[in-house]
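Each remark here refers to the structure printed beneath this line.
Chains as they are written, first to last, in the numbering used here: chain H, 1 to 127; chain R, 128 to 306.
Below you can see the structure in the form of structure tokens.
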């Protein structure tokens with residue numbers, strides 16, 4: 001990228017030499033600040049290289065949210081929760097769960113005699 | 128060589144000339160150092176992954192833009208400050224002999240000769256129109272070829288050649304006797 005001059009004139013050579021001399025003449029404070037500037041720039045590069053993945057966190061979160069939104073929007077009745085929604089045409093599964101969890105509810109299966117009673121009652125209804 | 132190491136080598140290779148170029152445009156050491164630091168930061172942050180051959184024109188383009196921004200800001204600030212009362216000694220800095228000491232030892236006679244030549248050249252360069260100044264410094268001082276200079280200046284190669292030729296003519300006219 002740099003050019004090793006295509007036949008520079010003596011004037012061009014001289015001006016370049018003088019300018020190069022001027023850089024060799026820079027004072028300690030300037031050189032120190034240039035070094036600090038370089039180190040600061042390189043430190044920033046090292047930091048950004050270590051933390052490159054952080055830039056993808058919002059993208060990943062947005063993608064996950066979009067996938068969930070699509071799942072609930074497109075097929076609301078096909079997930080596991082909604083399969084419990086109706087066990088029969090009269091009520092929801094949540095109502096059944098409330099009934100079973102209720103301490104005051106009748107104990108349908110604790111007594112074998114009551115099971116026999118319900119079988120008899122069922123047979124009477126069908127006949 | 129790792130990118131980090133290559134970047135460091137590149138910055139070391141250009142930092143002094145970059146400072147001189149910014150200094151010629153801004154005529155103030157602190158502003159020039161700020162411009163160089165900003166250009167280094169921007170290059171490392173945005174273009175570190177680009178091929179190393181592209182770094183010189185990119186770096187000098189960033190630096191040129193930064194210098195131009197600072198020149199514009201200074202012009203605006205100068206117009207505002209012209210309306211405000213002047214406070215004596217506001218910008219004076221305490222003299223630090225160690226900080227101001229030259230980095231290399233040369234004989235007094237040689238030093239005087241160099242200082243005169245440097246002073247005359249820098250004055251002549253700073254009096255050039257900005258585009259000629261840029262073309263001359265990038266081509267002659269930084270050693271970029273026409274293509275890279277055009278990329279750094281954001282213009283065509285033909286324009287670079289024209290600006291450079293006119294800069295040389297102007298400098299010869301001013302420095303012919305000294306150089």
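Note that CB positions come from ideal geometry on N, CA and C, so glycine has one too. Please read these numbers as outputs of a predicted model, since none were measured by experiment.
Taking C-beta pairs closer than 7 Å, name the residues in chain R that residue 18 of chain H reaches, listed in chain order.
Counting from 1 along the first chain, the entry for residue 18 of chain H is found at position 18. 244, 245 and 248, listed in chain order.
Could you tell me which chain H residues have their CB closer than 7 Å to the CB of residue 267 of chain R, listed as they occur along the chain?
In the second chain, counting from the first residue as 1, residue 267 of chain R sits at position 140. Those are 12, 15 and 16, listed as they occur along chain H.
Between the C-alpha atoms of residue 176 of chain R and residue 155 of chain R, what's the straight-line distance to the nearest angstrom?
Taking the second chain and counting its residues from 1, one reaches residue 176 of chain R at position 49. Taking the second chain and counting its residues from 1, one reaches residue 155 of chain R at position 28. Between residue 176 of chain R and residue 155 of chain R, the C-alpha separation is close to 32 Å.
Residue 168 of chain R to residue 137 of chain R, Cα distance in whole Å?
Indexing the second chain from 1 puts residue 168 of chain R at position 41. Indexing the second chain from 1 puts residue 137 of chain R at position 10. Those two C-alpha atoms are separated by around 13 Å.
Starting from residue 306 of chain R and walking both ways along the alpha helix (DSSP H), at which residues does that stretch end?
By one-based count along the second chain, residue 306 of chain R stands at place 179. From DSSP, residue 306 of chain R is part of no alpha helix (DSSP H); its letter is neither H nor E.
Residues of chain H with CB closer than 9 Å to the CB of residue 172 of chain R, please, in chain order.
Mapped onto the second chain, residue 172 of chain R falls at position 45. The contacting residues are 41, 44, 45 and 48.
Does the pairing of the segment 146-160 of chain R with the segment 239-248 of chain R give three or more beta-carbon distances under 8 Å?
In short, these stretches do not touch, since the Cβ pair count stays below three.
Which of the three DSSP states, helix, strand or coil, is assigned to residue 161 of chain R?
Residue 161 of chain R sits at position 34 when you count from the first residue of the second chain. If DSSP states are grouped into helix, strand and coil, residue 161 of chain R belongs with the helices.
What does residue 34 of chain H touch in chain R if you count any residue whose Cβ is under 8 Å from its own?
Numbered from 1 along the first chain, position 34 holds the residue referred to as residue 34 of chain H. Chain R residues near residue 34 of chain H: 142, 143, 146, 160 and 163.
Strictly under 8 Å for the Cβ-Cβ distance: is residue 68 of chain H near chain R by that measure?
The residue you call residue 68 of chain H lines up with position 68 of the first chain. Chain R contact via Cβ: absent.
What does the alpha-carbon distance come out to for the pair residue 123 of chain H and residue 117 of chain H?
Here residue 123 of chain H refers to the residue found at position 123 when the first chain is read from its first residue. Here residue 117 of chain H refers to the residue found at position 117 when the first chain is read from its first residue. C-alpha separation (whole angstroms): 10 Å.
Using the Cα positions of residue 173 of chain R and residue 236 of chain R, report the straight-line distance between them to the nearest angstrom.
Numbered from 1 along the second chain, position 46 holds the residue referred to as residue 173 of chain R. Numbered from 1 along the second chain, position 109 holds the residue referred to as residue 236 of chain R. If you take the alpha carbons of residue 173 of chain R and residue 236 of chain R, they lie about 46 Å apart.
Give me the chain H residues within the contact set of residue 298 of chain R, using Cβ-Cβ distance strictly less than 9 Å, ordered along the chain.
Residue mapping note: residue 298 of chain R aligns to position 171 of the second chain, counting from 1. Neighbours of residue 298 of chain R on chain H, chain order: 11 and 15.
Specify the secondary structure class of residue 196 of chain R as computed by DSSP and reduced to three states.
Indexing the second chain from 1 puts residue 196 of chain R at position 69. In the structure shown, residue 196 of chain R sits in a helix (DSSP, three-state: H, G or I).
Give a yes or no on whether the minimum CB-CB distance between residue 139 of chain R and chain H is below 8 Å.
One-based indexing of the second chain puts residue 139 of chain R at position 12. Yes, contact with chain H.
Using a threshold of 8 Å, state whether the C-beta atoms of residue 160 of chain R and residue 37 of chain H are closer than that.
Against the second chain, residue 160 of chain R aligns to sequence position 33. Against the first chain, residue 37 of chain H aligns to sequence position 37. Yes, the Cβ-Cβ distance between residue 160 of chain R and residue 37 of chain H is below 8 Å.
Which residues in chain H sit within 9 Å of residue 253 of chain R, going by Cβ to Cβ distance?
Taking the second chain and counting its residues from 1, one reaches residue 253 of chain R at position 126. Within chain H, no residue comes near residue 253 of chain R; the closest Cβ sits about 13 Å away, beyond 9 Å.
So, is the C-beta of residue 63 of chain H closer than 8 Å to a C-beta in chain R?
On the first chain, residue 63 of chain H is found 63 positions in, with the first residue counted as 1. Not an interface residue.
So what does DSSP say about residue 242 of chain R, is it helix, strand or coil?
The residue labelled residue 242 of chain R in the question sits at position 115 within the second chain. DSSP places residue 242 of chain R in helix when its eight states are reduced to three.
Can you tell me where the alpha helix (DSSP H) with residue 269 of chain R in it begins and where it stops?
Sequence index remark: in the second chain, residue 269 of chain R carries index 142 (1-based). Where residue 269 of chain R is concerned, there is no enclosing alpha helix (DSSP H), given that its DSSP letter is neither H nor E.
Which chain H residues are close to residue 134 of chain R, counting only those with a beta carbon under 7 Å from its beta carbon?
On the second chain, position 7 is the one that residue 134 of chain R refers to. Here the neighbours are 42 and 45.
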